[in-house]
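From first to last, the protein sequence lines are chains A and B. Note that this note's numbering has the first sequence beginning at 974, numbered continuously upward. Note that this note's numbering has the second sequence beginning at 974, numbered continuously upward. Even for Gly, the Cβ is constructed at its ideal location relative to N, Cα and C. The structure under discussion appears below in the form of structure tokens.
There are 2 protein chains.
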Amino acid sequence: MGDDCAVITPANGLKQIITTDTLTYGIHFDATVSAHDAGAKLIKRNLSDIAAMGGTPSHAVLALLCGPDISIDWLEAFFAGIRQTCEQFTLSIVGGDISTLPAGQFSSALTLVGTAKKPRLRSGANVGDAIYVTGQLGGSILKKHYAFLPRLDEGRWLAARPECRAMLDITDGIAKDLQAIMPDNSSAQLDLKNIPVSKDAETLATSTGKEPMEHAFCDGEDYELLFAVDGKAANADFEAQWQADFPQVKLSKIGQFIEAVDTGIYIDSSTNEPLPWIHGYRHLVPE
Amino acid sequence: MGDDCAVITPANGLKQIITTDTLTYGIHFDATVSAHDAGAKLIKRNLSDIAAMGGTPSHAVLALLCGPDISIDWLEAFFAGIRQTCEQFTLSIVGGDISTLPAGQFSSALTLVGTAKKPRLRSGANVGDAIYVTGQLGGSILKKHYAFLPRLDEGRWLAARPECRAMLDITDGIAKDLQAIMPDNSSAQLDLKNIPVSKDAETLATSTGKEPMEHAFCDGEDYELLFAVDGKAANADFEAQWQADFPQVKLSKIGQFIEAVDTGIYIDSSTNEPLPWIHGYRHLVPE
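In structure tokens, the structure reads:
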């Protein structure tokens, strides 16, 4: 800290990975989230990206943008959340920048550097691969969007297995994110009975009028891993190894990639009909 | 691009350096600066930090925060400024994140990774060292704050010379930034006649009522290098080598570090009196 750049010494023989994510008041958190939890969330959003590559985090730089009216107490609690989460995941903040925004505004951007032996990319899945997700999906706005644990151990476990061919972390809902690991000229045949619909998706559905399944498909910020496994390896043995190493983390085989019925669509395996949920959380990016 | 993290392969035998800087509408640029120049400035702000360590940039990740009302034309010109500057400095954007802000707001954060053989830090200066600056100081608000060229070649040249003991880029004015390379228990004895007061500092002074020298000391965003050189090596030979390699870039020996008269203050060498300019640009950071 204190110099114009941080100096980091990369470990030999490992690939280096880098990711950046923002956390903005009114977008990624609001007044119902404590400053401590907001700080923790900024770190964990980035850690989830590292997890999705099968990596290990090492260093971070933090850019803060604050309105002049922000209280020192709030900032201290925000930093405490950052510090505690960095300690929990053996991560160092090595530099940063602070700048002003208009009153009432707060934003932050964290860039995280890490290493990975064999980074697992989003590309690499084939027709015939099974599709898996960790944990439960949907309704994260009720709490999980800040209370999640990034799946770092699980990501490394998967990246060490060549039968896991493609992986990402679910940030915009499987409806959208599944597109990113889908092989060319394929469709996804999904088993709705195996979609792990969370209790919070069910709770949320009682007030939104949507089906819990729609929340599981389309809600953002699940921060679970979505990955493709060679169809021949996606068997009871693979799942038993997972259960032995991660007994607390539900693993669901939600379907498989098949030759294109219509490119990029999702097919209900029980009816052979297209599923209606094809859009996840929409960012600002022009379509 | 497209994966959760970018994968970069560090060069062997070099130290890796990392820096982050933001660019916010209303703070770092306004409607008088073109979108193209704003994009270029975001890159150059970070490049100036790399220059100050004597490094070479390699990879960047970009976080964008935009209000929903931003025009596609503006964003395209902003990206064109980024792209052109990256090409100019042989730098790749390898990842990023986009997120929303309230209407009318725009901010961005760039994190830049680079390498350096022997990163030159801010610490390392001693009593007896000469103090140098590159270029001209003050009045950058008129144009230079976005039209500057980061001193990458000059930074590497200096970092390769052990007689250059400490270095930084001037972002908050020498009044403030000189503190950061000042040895413990020292004062800086400055030769006002050698301070390179820019024409823009003089122009600005006609409308602010301040002296041009105050602008040279206290204005932000000069993006020049400020460095300490071993007093014995800070001679005509050193300066002639500089002129041979950088004939276009003015080099000024502005003073030296002396045993503390009063710790951290600046002394006018012609009168032996303390100078009044001791604060540069003040950030939000609590004092």
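| Distance, Cα to Cα, Asp1003/B vs Tyr1119/B? | Here residue 1003/B refers to the residue found at position 30 when the second sequence is read from its first residue. Here residue 1119/B refers to the residue found at position 146 when the second sequence is read from its first residue. Approximately 11 Å, taken between the alpha carbons.
| In chain order, what residues of the same chain have a beta carbon less than 8 Å from the beta carbon of Thr1073/A, not counting five sequence neighbours either side? | The residue labelled residue 1073/A in the question sits at position 100 within the first sequence. Leu1038, Cys1039, Gly1040 and Pro1041.
| field | Beta carbon proximity, Leu1015/B to chain A, threshold 8 Å | value | For this step, residue 1015/B is matched to residue 42 along the second sequence. Chain A, which has no Cβ nearer than 8 Å to the Cβ of Leu1015/B, makes this no.
| field | CB contact below 8 Å: Met1155/B versus chain A | value | Mapped onto the second sequence, residue 1155/B falls at position 182. By this cut-off, Met1155/B is not an interface position.
| Hey, how far is the Cα of Met1186/B from the Cα of Cys1059/B? | Walking along the second sequence from the start, residue 1186/B turns up at place 213. Walking along the second sequence from the start, residue 1059/B turns up at place 86. For Met1186/B and Cys1059/B, the distance between alpha carbons rounds to 34 Å.
| message | Please classify Asn1158/B as buried or exposed, where buried requires at least 16 other C-beta atoms within 10 Å of its C-beta. | response | Numbered from its first residue, the second sequence carries residue 1158/B at position 185. Exposed, by the Cβ-count rule.
| message | Quick check on DSSP: helix, strand or coil for Tyr1119/A? | response | Residue mapping note: residue 1119/A aligns to position 146 of the first sequence, counting from 1. Of the three classes helix, strand and coil, the one that applies to Tyr1119/A here is helix, per DSSP.
| task | Return helix, strand or coil for Ser1031/B, following the three-state DSSP convention. | result | As a working mapping, residue 1031/B is identified with position 58 in the second sequence. Strand.
| task | Take every Cβ of the region 1222-1231 of chain B, pair it with every Cβ of the region 1168-1181 of chain B, and state whether three or more of those distances are shorter than 8 Å. | result | yes
| Whole-number beta carbon distance between Arg1138/A and Val1202/A, since they are thought to touch under 8 Å | Translated into the one-based positions of the first sequence, residue 1202/A becomes position 229. Translated into the one-based positions of the first sequence, residue 1138/A becomes position 165. Sure, about 7 Å apart at Cβ, within 8 Å.
| request: Mind reading off the beta-carbon distance from Met1155/A to Phe1200/A? Whole number of angstroms is fine, and I expect it under 8 Å. | output: Indexing the first sequence from 1 puts residue 1155/A at position 182. Indexing the first sequence from 1 puts residue 1200/A at position 227. Between Phe1200/A and Met1155/A the Cβ distance is about 12 Å, and since that is not below 8 Å, they are no contact.
| query | For Met1026/B, does the three-state DSSP call read helix, strand or coil? | reply | The count along the second sequence starts at 1 and reaches residue 1026/B at position 53. Note: Met1026/B maps to coil in three-state DSSP.
| request: Express the C-alpha separation of Gly1111/A and Ser1242/A in angstroms, rounding to a whole number. | output: Within the first sequence, the letter at position 269 stands for residue 1242/A. Within the first sequence, the letter at position 138 stands for residue 1111/A. Across the structure, Ser1242/A and Gly1111/A are spaced so that their CA atoms are roughly 21 Å apart.
| message | Let me check understanding here. Comparing Cα to Cα, which of Ala1161/B, Cys1191/B, Leu1122/B and Ile1066/B lies closest to Gly1101/B? | response | Residue 1101/B sits at position 128 when you count from the first residue of the second sequence. The residue with the shortest Cα to Cα distance from Gly1101/B is Ala1161/B.
| field | Whole-angstrom distance between Arg1056/A and Ile1231/A, CA atom to CA atom | value | Position 258 of the first sequence, counted from the start, is the residue given in the question as residue 1231/A. Position 83 of the first sequence, counted from the start, is the residue given in the question as residue 1056/A. Approximately 45 Å between the Cα atoms of the pair.
| query | If you compare alpha carbons, which of Ile981/A, Ala1233/A and His1009/A is closest to Val1034/A? | reply | Within the first sequence, numbered from 1, the residue matching residue 1034/A stands at position 61. That would be Ile981/A, whose Cα lies nearest to the Cα of Val1034/A.
| Alpha carbon to alpha carbon, how far is Gly999/B from Val1006/B? | Taking the second sequence and counting its residues from 1, one reaches residue 999/B at position 26. Taking the second sequence and counting its residues from 1, one reaches residue 1006/B at position 33. Answer to the nearest angstrom: the Cα atoms are 11 Å apart.
| request: Could you tell me whether any Cβ in chain B is nearer than 8 Å to the Cβ of Pro1123/A? | output: If you number the first sequence from 1, residue 1123/A lands on position 150. Chain B, which has no Cβ nearer than 8 Å to the Cβ of Pro1123/A, makes this no.
| task | Please check the pair Asp1070/A and Arg1095/B, which I expect to be a contact at CB under 8 Å, by giving their CB distance rounded to whole angstroms. | result | Walking along the first sequence from the start, residue 1070/A turns up at place 97. Walking along the second sequence from the start, residue 1095/B turns up at place 122. Contact doesn't hold; Cβ gap of about 15 Å is too wide.
| field | Three-state class that DSSP yields for Pro1156/B in the structure shown | value | Stepping through the second sequence from its first residue, residue 1156/B is reached at position 183. Reduced to three states, the DSSP call for Pro1156/B is coil.
| task | Name, please, each residue of chain B whose Cβ falls closer than 7 Å to the Cβ of Thr995/A. | result | As a position in the first sequence, residue 995/A is number 22, starting the count at 1. Taking a Cβ-Cβ threshold of 7 Å, the residues of chain B close to Thr995/A are Ala1036, Leu1038, Asp1070 and Ser1072, in chain order.
| task | Inspect the beta-carbon positions of Ile1015/A and Leu996/A and report whether they are closer than 8 Å. | result | Here residue 1015/A is taken as the residue at index 42 of the first sequence, counted from 1. Here residue 996/A is taken as the residue at index 23 of the first sequence, counted from 1. First, the residue type needs correcting, since residue 1015/A is Leu and not Ile in the sequence shown. Yes, Cβ-Cβ distance for Leu1015/A and Leu996/A is below 8 Å.
| field | Check whether Ala1089/A and Gly1028/A have beta carbons under 8 Å apart | value | Here residue 1089/A refers to the residue found at position 116 of the first sequence. Here residue 1028/A refers to the residue found at position 55 of the first sequence. Cβ atoms of Ala1089/A and Gly1028/A: closer than 8 Å.
| said: According to DSSP, simplified to helix, strand and coil, what is Phe1200/B? | reply: Start at 1 with the first residue of the second sequence, and residue 1200/B comes out as number 227. The three-state reading of DSSP puts Phe1200/B in strand, counting E and B together.
| message | Within 10 Å of its beta-carbon, does Ala1209/B have 16 or more other beta-carbons around it, so buried, or fewer, so exposed? | response | On the second sequence, position 236 is the one that residue 1209/B refers to. With fewer than 16 Cβ atoms within 10 Å of its Cβ, Ala1209/B is classed as exposed.
| said: Just to confirm the assignment: which complete alpha helix (DSSP H) runs, minimum length 4, are found wholly within the region 1018-1102 of chain A? | reply: 1045-1061
| said: Using a 10 Å radius around the Cβ and a threshold of 16 neighbouring Cβ atoms, would you call Lys1116/A buried or exposed? | reply: The residue you call residue 1116/A lines up with position 143 of the first sequence. Counting Cβ neighbours within 10 Å, Lys1116/A comes out exposed, since fewer than 16 surround it.
| Own chain residues within Cβ distance below 8 Å of Leu1163/B, not counting five before or after | Locating residue 1163/B in the second sequence gives position 190, where the first residue counts as 1. Excluding positions up to five away in sequence, the list reads Ile1104, Ile1227, Gly1228, Tyr1239, Ile1240, Asp1241, Ser1242 and Leu1248.
| request: Starting from the C-beta of Ile1043/B, find all residues in its chain whose C-beta is less than 7 Å away, skip the five residues before and the five after it, and write them out in chain order. | output: Your numbering for residue 1043/B matches position 70 in the second sequence. Excluding positions up to five away in sequence, the list reads Phe1079.
| Is any beta-carbon of chain B found at less than 8 Å from that of Arg1095/A? | Here residue 1095/A refers to the residue found at position 122 of the first sequence. Arg1095/A counts as touching chain B.
| task | Report yes if the CB atom of Met1026/A is closer than 8 Å to the CB atom of Ile990/A, and no otherwise. | result | The sequence position of residue 1026/A within the first sequence is 53, counting from 1. The sequence position of residue 990/A within the first sequence is 17, counting from 1. Cβ distance < 8 Å, so Met1026/A and Ile990/A count as in contact.
| message | Restricting to Cα atoms, I'd like to know which of Glu1136/B, Phe1052/B and Gln1061/B is closest to Lys1205/B. | response | In the second sequence, counting from the first residue as 1, residue 1205/B sits at position 232. With distances taken between Cα atoms, Lys1205/B lies closest to Glu1136/B.
| request: Throw me the rounded Cβ distance for the Ala1153/B and Ala1082/A pair, which I believe falls under 8 Å. | output: For the purposes of this step, residue 1153/B is taken as the residue at position 180 of the second sequence. For the purposes of this step, residue 1082/A is taken as the residue at position 109 of the first sequence. Incorrect: roughly 24 Å between the Cβ atoms, too far for contact.
| query | Given Ala1217/A, which residues of its chain have a CB within under 6 Å of its CB, disregarding the five upstream and five downstream residues? | reply | To locate residue 1217/A, count along the first sequence from 1; it is residue 244. Closer than 6 Å at Cβ, skipping near neighbours: no residue.
| Can you tell me where the beta strand (DSSP E) with Glu1232/B in it begins and where it stops? | Indexing the second sequence from 1 puts residue 1232/B at position 259. Its beta strand (DSSP E) spans residues Leu1224 to Glu1232.
| How far does the alpha helix (DSSP H) with Ala1133/B in it reach, from first residue to last? | Counted from its first residue, the second sequence places residue 1133/B at position 160. Where Ala1133/B is concerned, there is no enclosing alpha helix (DSSP H), given that its DSSP letter is neither H nor E.
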